[in-house]
Each structure stands twice: as C-alpha cells, then as structure tokens.
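Everything on this sheet refers to the single structure shown next.
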C-alpha cells in the first residue's frame, strides 16, 4: 500500500475545497515552466510584422524554456507564478473541490451511480463557476507569461501582480480583467469535463474490476488518462483563449474573429500550437494534482477525526 489509507469517514466539502486548491498550487509550482512555454508557442506567429522584427524564435518545449532562460534570465519561465497560484486557489478549489457535491446534486435520488451525462453536467457547472471567480487572475497570468523581458526592467509593462491588475483596469477598464471570459468558460468547461469525468470513470472502473486498489498506482493511471484526454479536446479553445487574452485592444473584435484570423492566416494546425507542452504540462499537472489531492483529503480527514475524538 502506497500513501495514507482511505479515511473511514467521507471527506467533507470543505476538505475537498481546501485540498483541491492546495494540491493545484503544488502542481503549478512544479509544472509552471511548461505552461509558460506553451503560452509562448501558442502566440508565436500571431503578429507577422512583429515576428519579422523579432529575432527570438521558439522551437519545441525544451528549446523554448532554454531560449527564455538565455535571453531573459533564469526566472523568466516563472513569469506570472503569483497570479498562477492565486488562480489555482480560487479556480481549482471550485472546479475540483465542488465537483462531487455538484455531481450528487444532479444525481437523481435513489440512484447508486451517476451517469456520464450527470458527470459531464457537473464538470461544466463547476468549470463555469470557477472561471467566473478566477478570470482576472488568468488574464494577468497570461500577460506575464507572454511578455518578453529583455534586461533589467526593459520592456516590463507591469511592475508586479497587483500593479498588473490596476494597470489593466485603468487602461482597458474593468472589462479588461474579464477579457476572454467566454472562450475561457468554453475551454475550462471542456477541460473540467475531460479531466474530472475521465478521472472519475477510469478510477471507478479500476476499483470496480479490482485491477488496482484505491492508492497511488490507481490515482496515477487515472490522472494520466485525464490529462491526455483534456489536452486533446481543449487545445483549440486554449490557443484561441491565450491569443485573445494577450491581444492589445482592437486586434480582435471577438474570440470568433480571433479564431477566423488564425485559420485564414496560419491554417488549422495553429489550433494545436504548443500541443506537446500542453500535454506535458496537463499530464504532469494532473498526475501531481490528483495524487496530492487524494492524499491531502485523507490527511485532512485524519486530522479532523483526531480533533473530534474524545481520547
């Protein structure tokens, strides 16, 4: 047996909420450079004139990270990390931590198992709820990841995370902080369904058919499958979301306009730009997050039971 034993008492909604946010922050700390590389690859080729004048070109995941370190310094792959952690605490707590509760809400009374439709509906609901709360943090994170910093302070539009929130609100209005909400809701509803439903179904079947027990190997396999499925279905929306969020005012009239310009100027393969770092990041992120989440739920419930015990 690997890790803590499953708790005899089912984890509470609060435990799931806090556990999901904490686990997501831990996963972000370890995989953030891959996410930054994905953003850089996704926006490459967005503005042909600017690209022609720019000498920096990114090739592959490792090449992108090494180029960033060489030209912008060793800290550059972690640009936007603070906003990323703020995003996970507000975002993952809702979309992952509340998933089981929402799933039970949609499940008909007296039913032993939730249908795939019910799980998909729960994933869409928590994904949309999470975006509604966390959109400003996502906008700031993407802006930091996409910005190129050459030298100390040069080309640095924002002096810090809080300054970025204030600057965007001042220059673009409050709407600027909520830019790309529609493609982000679409993207995260898809990602959340792919991640949560796939993880749920794989784990359930592994346990039901006694292929694995409810421990680390089961969580690892389920999370890896969830990460791959999420990357395949969400990459096109993710690229549009990144391009639109990072664009200056007036470049795109809407997310649909952004999508159409990508197709006409770069072809349909543009929707899968950065697929490799997306999969490496989502796959690694899902494994780390779900494995940590399962252990945190058990640890928090163990602490809660010990605190409530009279002995």
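Numbering (the numbering used here), first residue to last: 1444 to 1754.
Ideal placement from N, C-alpha and C gives every residue a C-beta, glycine not left out.
Residue span of the alpha helix (DSSP H) that contains residue i, given as start and end
i	result
residue 1425	Any answer about residue 1425 is impossible in this case: the structure gives the chain only from 1444 up to 1754.
residue 1662	1659 to 1689
residue 1550	Counting along the chain, residue 1550 falls outside any alpha helix (DSSP H), and DSSP gives it neither H nor E.
residue 1602	Here residue 1602 belongs to no alpha helix (DSSP H), and DSSP marks it neither H nor E.
residue 1721	1718 to 1751
residue 1573	1559 to 1589
residue 1698	1698 to 1709
CA nearest to the CA of residue i, picked from the options
i	options	result
residue 1629	1518, 1748, 1681, 1448	1681
residue 1514	1590, 1567, 1752	1590
residue 1488	1471, 1458, 1574, 1706	1706
residue 1730	1691, 1641, 1481	1641
residue 1466	1744, 1678, 1739	1739
residue 1568	1578, 1546, 1615, 1579	1546
residue 1464	1752, 1746, 1737	1737
residue 1528	1566, 1602, 1474	1474
residue 1686	1553, 1455, 1484	1484
residue 1564	1615, 1506, 1639	1639
For residue j and residue i, the rounded distance between their alpha carbons
i	j	result
residue 1496	residue 1502	Residue confidence for residue 1496 is low, a pLDDT of 39 falling below 50, so the modelled location carries little weight; the figure read from the coordinates is stated next. Those two C-alpha atoms are separated by around 17 Å.
residue 1717	residue 1750	47 Å
residue 1559	residue 1662	20 Å
residue 1742	residue 1540	15 Å
residue 1508	residue 1520	7 Å
residue 1571	residue 1622	15 Å
residue 1461	residue 1536	6 Å
residue 1468	residue 1525	10 Å
residue 1479	residue 1696	25 Å
residue 1721	residue 1457	30 Å
residue 1522	residue 1583	10 Å
residue 1449	residue 1625	39 Å
residue 1795	residue 1606	The first residue shown for the chain is 1444 and the last is 1754, placing residue 1795 beyond what the model contains.
residue 1597	residue 1608	Residue placement at residue 1597 is poorly supported in this model, since its pLDDT is 49, which falls under 50; the coordinates are not used for a value here.
residue 1752	residue 1653	33 Å
Rounded distance between the beta-carbons of residue j and residue i, thought under 8 Å
i	j	result
residue 1726	residue 1667	6 Å
residue 1702	residue 1675	No, residue 1702 and residue 1675 are not in contact; Cβ-Cβ is about 18 Å, not under 8 Å.
residue 1544	residue 1577	Actually they do not touch by this definition, with Cβ atoms about 18 Å apart.
Please specify which runs of the alpha helix (DSSP H), each continuous and at least 4 residues long, are wholly inside the stretch 1609 to 1642, giving them in chain order.
If we require 4 residues or more, the alpha helix (DSSP H) runs fully inside the stretch 1609 to 1642 come out as 1617 to 1620, 1624 to 1635.
For a minimum of 4 consecutive residues, which ranges assigned as the alpha helix (DSSP H) are wholly contained in the stretch 1457 to 1513?
Counting whole runs of 4 or more residues, the stretch 1457 to 1513 contains the alpha helix (DSSP H) stretches 1491 to 1496.
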